[in-house]
DNA sequence: TTGATCGCTTACTACTGAGTCAGTATATTT
DNA sequence: AAATATACTGACTCAGTAGTAAGCGATCAA
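Protein chains in written order, with my numbering: chain Z, 2 to 185; chain S, 2 to 185.
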């Protein structure tokens, strides 16, 4: 029983990560929800407004994720993070970061800033979680925590993209490769 | 002094990897080239035809690349491969694989098959080059050559995407991380 | 030298895109 | 009970989209 605005956000996010920003229209949202085009414009006057909401939605989701795993052991946190991407892959979608990066030059400066904030938050969380795991001995790092964080992030978000082309086996292989690298 | 058709292909490729498939139009191609919209349609009747040409263009480019580095030492080949991505990053573009993956569900089956062929060619080249380097001792592998190939590919193509958001320093860090991992 | 083919231009069509605005039923507040 | 805000609908606008068809000059082959 979520509000129309929330339903729009969820659907827009699915479309964004399913077909890409420029491949979906306001009627792709209004039709399935049984509302009129203008109703979408009522909540989100312009498409950039909608895009910003998608970023905010993911920022919130990620904050809730970090709160949920807070207190868990570092390697376990990383596994939860990777499993989250498994669910993205299974649903045939891709990671927001990749979706926005591809259409980057079609985005307004405000969206770009929002995305920069979100992406840095993810990188910072990954970095500090890797450090945490190195301290308690559960995680092995061969490079700086920051470099490894970037490596893991690019591996897993690109895996959702690559597996669209070459199949889900490749996603599984990449995920396993990450785990192999950071465990003893 | 290249033909109109070639100029269209090159420009379409730049647009595809610069703004995304659905963010550029036939007039984005015709205007800069000083030709009419219909001239583009003459060479490429539909947009999917244009997309297929882009894939073919990259298939040819990659074949020429492998021929150029053929005979070189394996680690050197990998470095050339990574440097190729550095030039993509510097020009503000992203890798074709990521560009098509994002818009995957907006692509025809034929384009998808072409892209699958191209992507598998790249993965196979990477895999065999890594094996080659392991044999002669220049490359260190911690996992199977196939898994490492997928890991390297996703790292580097996602690095072109991520660096759009968080800056070129991250591209450099990811590239260095790959090199650190496979060298002694 | 005639005729066909190539590489375009001119001039459209049909449609879809984002976005607007006046109006309306349904609460909510005063 | 009246005024106001909320969440829409109906009915548009207008720019831009892919795509088409007819024509035309230059080149090339018979």
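Where is the CB? At the ideal position from N, CA and C, for every residue including glycine.
is_contact[residue i, chain S] using C-beta, thresh 7 Å
i	result
residue 87/Z	no
residue 171/Z	yes
residue 20/Z	yes
Contacts that residue i makes with chain Z (C-beta to C-beta distance below 8 Å)
i	result
residue 143/S	181, 182
residue 98/S	162, 163, 166
Listed by chain order, chain S residues near residue i by CB distance under 8 Å
i	result
residue 121/Z	167
residue 76/Z	Within 8 Å Cβ-Cβ: nothing; residue 76/Z doesn't reach chain S, min ~18 Å.
Closer than 7 Å at the beta carbon, the chain S residues around residue i
i	result
residue 24/Z	23, 104, 107
Buried or exposed by the 16-neighbour rule on C-beta atoms within 10 Å, applied to residue i
i	result
residue 69/Z	exposed
residue 164/S	buried
residue 111/S	exposed
residue 57/Z	exposed
residue 86/Z	buried
residue 35/Z	exposed
residue 137/S	exposed
residue 7/Z	exposed
residue 178/S	buried
residue 91/S	exposed
residue 156/Z	buried
residue 120/Z	buried
residue 162/Z	buried
residue 170/Z	exposed
residue 48/S	buried
residue 184/S	exposed
Residue-level contact to chain Z via CB, residue i, 7 Å cutoff
i	result
residue 129/S	no
residue 116/S	yes
residue 134/S	no
residue 152/S	yes
Cross-chain neighbours of residue i in chain Z, by beta carbon under 7 Å
i	result
residue 160/S	155
Within chain Z, the residues that residue i reaches when beta carbons sit closer than 9 Å
i	result
residue 148/S	174, 175, 177, 178, 181
residue 95/S	102, 103, 105
Length of the line joining the Cα atoms of residue i and residue j
i	j	result
residue 71/S	residue 65/S	10 Å
residue 148/Z	residue 168/S	14 Å
residue 133/Z	residue 152/S	24 Å
residue 143/S	residue 175/Z	13 Å
residue 38/Z	residue 53/Z	19 Å
residue 123/S	residue 79/S	12 Å
residue 172/S	residue 166/Z	23 Å
residue 117/S	residue 102/S	10 Å
residue 62/S	residue 51/Z	38 Å
residue 46/Z	residue 4/S	44 Å
residue 67/S	residue 96/S	17 Å
residue 75/Z	residue 129/Z	9 Å
residue 81/S	residue 28/Z	46 Å
residue 98/Z	residue 44/S	35 Å
residue 41/Z	residue 73/Z	40 Å
residue 206/Z	residue 106/S	Beyond the ends of chain Z as shown, which are 2 and 185, falls residue 206/Z; an answer cannot be given.
Any non-hydrogen atom of the ligand ZN closer than 6 Å to residue i Cβ
i	result
residue 94/Z	The model depicted lacks the ligand ZN and carries no ligand whatsoever.
Take every Cβ of the segment 20–29 of chain Z, pair it with every Cβ of the segment 8–25 of chain S, and state whether three or more of those distances are shorter than 8 Å.
-> Contact between the segment 20–29 of chain Z and the segment 8–25 of chain S is present, because at least three Cβ pairs lie under 8 Å.
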